[in-house]
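Per our numbering, residue -4 is the first one in the sequence shown, and the count goes up by one each step.
C-beta atoms are modelled at their ideal positions from N, C-alpha and C, and glycine is treated no differently.
None of these values were measured; they are calculated from a predicted model.
Everything below concerns the one structure shown next.
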Amino acid sequence: MFSFLNAALLPGLALISLPIIIYLLQKHKVKEMEWAAMEFLQEIIEEQQRKIQIEDLLLLLLRVLMFICLALALARPALNTKSGVSWLGSSGDAIIVLDDTYSMATRRGAQDRFETAKERALSIIDTLPANYGISLILGSENSDVIVGSFSSDHELLKTTITELKPGFMAGNSKRMISNTISVIDKSKQAAKTTFIISDFQSSDWAEPTESLKAELSKLEEISQIIFIPVSDPIAENISVADLSLAQGAVRSGQKGFFIGSLQNHGATAIKDAAIDLIIDGQTAESSTVSIAANQSAKVYMSYTVDDPGAHRAVLQIAQDSNPADNKAYLAFNAFDQLKILSITDQSPIAGEAKATDFIELALNPYEERSKDPRALYLFEHIGMQDLVTHS
-4 MFSFLNAALL PGLALISLPI IIYLLQKHKV KEMEWAAMEF LQEIIEEQQR
46 KIQIEDLLLL LLRVLMFICL ALALARPALN TKSGVSWLGS SGDAIIVLDD
96 TYSMATRRGA QDRFETAKER ALSIIDTLPA NYGISLILGS ENSDVIVGSF
146 SSDHELLKTT ITELKPGFMA GNSKRMISNT ISVIDKSKQA AKTTFIISDF
196 QSSDWAEPTE SLKAELSKLE EISQIIFIPV SDPIAENISV ADLSLAQGAV
246 RSGQKGFFIG SLQNHGATAI KDAAIDLIID GQTAESSTVS IAANQSAKVY
296 MSYTVDDPGA HRAVLQIAQD SNPADNKAYL AFNAFDQLKI LSITDQSPIA
346 GEAKATDFIE LALNPYEERS KDPRALYLFE HIGMQDLVTH S
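Following this line, the structure appears as structure tokens:
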């Protein structure tokens, strides 16, 4: 059974109707011509028409096949069941590359993509001959080699796969393929097969980089490659990409301002998605956000931190198809005041302007600057010659 890595291009098969329509239009088009009474030519004309009809049908068939082959080539058919390994010989080595990036936690119904990928991996092991050596590689950013020794203990491998969980990291397809090549180089078998089980995110695979193409070409030279997609129709998914402070520091008793970055990975716009800022386990502010398809957005939220010290902030959205990317975390400190020692070339004179006054005014934008009760930064100005005796 086949599936397609670019299933969205399958509607291109409708192009096969073009040569058929052209053929039918030409078939019914009558061209009137004046002929003399030469009945002996009738048989020759009929014979020529039969030949032309056969030629037209052959041309029609070739044109239809051309569009079918083009559409299938662009859709990239791939084997996605255990029947894909039934042709393997009695001995050899196999490498199972299992994508464990956070997108594999995308859930559709009761099962996420990673569980589906594990089922495919277990089916492959069940189909492989008993004396086949198998290695297992994970496909996240670190691309860990779980089993690199081509183990023939298939039951142990199945147990290892069953216990795996999807990670929280993005993918690195180039590193994954490079690690696969390094493992294959250790194989002494003539027959080597690589099974790549992934949701094949478009960010990596739709337009692969030149370096990834080069690594895939190297892998293809030393191993048969079978791509096994476990993706499903695009579901709505928003990720919280980042959470940061809008200012350099937060003063206790005053509002702290936070900036959140969100991304809509779906093909449809998201409207009024609920989003919460949680400080130290308590909901600080709630809001909604709307994001166009395949676009990003920023949200601005605030909260008054009462106590100085360390605090923990979480920006989270409502549950969607992939809970792994629904939160971003931030650890920050709130201060009563931050002391800043300002050193000038001469000892400051009361009432006279200093070069560092502009810095103090920028950090404390109040008329009284550091003396204002709202000021976060407490400046102390001394001359360079006073630095030795300053404590």
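- The residues V235, L238, G255, L272 and A323, in chain order, have a CB closer than 6 Å to that of L310 in the same chain once the five nearest residues on each side in sequence are set aside.
- Taken in chain order, the whole beta strand (DSSP E) runs of length 3 or more contained in the segment 264 to 310 are 265 to 274, 277 to 286 and 291 to 300.
- DSSP lists Y298 as the bridge partner or partners of G251.
- If you draw a straight line from the Cα of E150 to the Cα of I120, it is about 9 Å long.
- When C-alpha distances from K213 are compared across D148, I179, G243 and A262, the shortest belongs to I179.
- When the Cα atoms are used, T188 and Y97 turn out to be separated by approximately 26 Å.
- DSSP, read as helix, strand or coil, puts Y361 in coil.
- E355 is classed as buried because its beta carbon has at least 16 other beta carbons within 10 Å across all chains shown.
- For H376, the closest alpha carbon among the candidates E347, T278, G128 and Q242 is that of E347.
- Secondary structure at R58: helix, using DSSP grouped into helix, strand and coil.
- In the three-state DSSP reduction, Y324 falls in the strand class (E or B).
- D121: member of the alpha helix (DSSP H) spanning R108 to T122, first to last residue.
- Rounded to whole angstroms, the separation of the alpha carbons of S197 and T204 is 12 Å.
- Straight-line measurement puts the Cα of I233 at about 13 Å from the Cα of R102.
- About 36 Å separates the Cβ atoms of N328 and A287, ruling out a contact at the 8 Å cut-off.
- Taking a 10 Å sphere around the C-beta of V383, we find fewer than 16 other C-beta atoms and assign the residue as exposed.
- Three or more Cβ pairs drawn from the segment 289 to 308 and the segment 261 to 280 lie within less than 8 Å of each other, which places the two stretches in contact.
- Residue pairing from DSSP places F222 in a beta bridge opposite I191.
- Nearest in C-alpha terms to T351, of all of Y361, K366 and I335, is I335.
- Within the DSSP bridge table, the entry for G261 names no partner.
- Judged by DSSP secondary structure, S173 falls within the alpha helix (DSSP H) whose first and last residues are S168 to I179.
- Annotation: the continuous alpha helix (DSSP H) that includes K153 extends over H149 to T157.
- Of the residues assessed, T111 falls on the buried side of the cut-off, its CB having 16 or more other CB atoms within 10 angstroms.
- L52 sits in a helix when the DSSP states are folded into three classes.
- In the DSSP assignment, I377 is bridged to I338.
- Taking C-beta separations shorter than 7 Å and ignoring five residues to either side along the sequence, the partners of L133 in its chain run L93, D95, D139 and I141, following chain order.
- Beta-bridge pairing by DSSP links A329 to V245 and G304.
- In the three-state DSSP reduction, Y372 falls in the strand class (E or B).
- In the DSSP assignment, I233 falls within the unbroken beta strand (DSSP E) covering I233 to L240.
- Shown here, D199 sits in a helix according to DSSP, grouped into three states.
- As the crow flies, the alpha-carbon of I63 is around 23 Å from that of Q48.
- D88 is positioned such that its CB atom lies no closer than 8 Å to that of S177.
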